[in-house]
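**Q**
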Amino acid sequence: MLDIWKENTGVRFGHIDRSDRLTLGSIFSFFQEAAISHAEALGVGREGMARNGQAWVLSRMSIFAKRRPLYWENIEVSSWPRGCEKLFAIRDYLIRDTQGSDLVRGRSCWLVLDMEKRRPLRVQPIVDLIPHNEGIDAFSSIPPGLDSRENLTNISERRALYSDIDYFGHVNNARYIQWIQDAADMDILTKTDQMRFDINYLSEVLPGETVELWACAIEESGHDGAVDYPSQGGPSFAFEGRRPGSDKVTFRAELRTSRSSESCTA
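First residue of the sequence shown? That's 578 in this note's numbering, and the numbers climb one at a time after it.
#1: How would you label Q701, buried or exposed, when you count the other beta carbons within 10 angstroms and need 16 or more for buried?
#2: What distance in whole Å lies between the Cβ atoms of I742 and W657, which are believed to be in contact at a cut-off of 8 Å?
#3: Opposite K583 in the DSSP bridges: which residues?
#4: What are the uninterrupted segments assigned as beta strand (DSSP E) that are 3 or more residues long and contained completely in the stretch 723-753, given in chain order?
#5: Taking T827 as part of the beta strand (DSSP E), name the residues at either end of that continuous run.
#6: In chain order, what residues of the same chain lie with their CB nearer than 7 Å to the CB of I754, ignoring the 5 residues before and after it?
#7: Name the DSSP bridge partner or partners of R668?
#8: Does Y778 pass the burial test, meaning 16 or more other C-beta atoms within 10 Å, or should it be called exposed?
#9: Does DSSP classify V704 as helix, strand or coil?
#10: Can you give me the C-alpha to C-alpha distance between L790 and A760, rounded to a whole angstrom?
#11: Under the DSSP definition of a beta bridge, which residues are partnered with R819?
#12: How many angstroms separate the CA atom of D594 from the CA atom of Q609?
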């Protein structure tokens, strides 16, 4: 079996923002495609799971961008399974430059869903069929479960339309990142090079449904110099997606940037 999936690609115009660097949404898209390709190669992709009435569902994901790749830069995107933790199957990700330096690292937690009952199943029987890659870690910890923050404000809303919906008939995990990017401060996203992003997917959103986007600034200490966090903690924000007129949360996310973002140049 192919323990680690690797793809060589380039950063193209549609992947960047006005700073000439890879966007957060594009990072998620690269990681998603690598994970799907590897799962297919291992026999646990969409078709293989569907034969048993099952599907992979992304539950949590964390990424740390040490440096966002530049326009036209050649990069290597890799992904590999990393065993399991309780109900979660773990998968890691890495983007490297042509010199082999780590640029972006990630870790995700997946559930196996019974498609008829819409309930999670034990992942161990499937994880036992694929590589565990013991000791090969892109990320230092399991993506955290995020709690609701105080002082969240309703800043916008999004309706799930054609371009948001994937093969499974709900909003694709990478589209939530696009929604969050659009709700975030454009200047902060553009100027920062180092960033940490965590997201929990809590409830699927179906075609035509509307999600309110709530956000607030968060002030935290203790992350400066920590592994998987910007070297100099800068502006940080929490986001929630909520169903209108209720407290039902569809996702929670947190974005942390670097204080040195003003000095970053393309």
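Don't be surprised by glycine CBs; every beta carbon is placed ideally from N, CA and C.
**A** In terms of the structure at hand:
#1: exposed
#2: Contact flag wrong, Cβ pair sits at about 28 Å.
#3: S655
#4: 730-736
#5: 826-835
#6: L601, G602, F605
#7: P658, S685
#8: buried
#9: helix
#10: 8 Å
#11: E789, V826
#12: 20 Å
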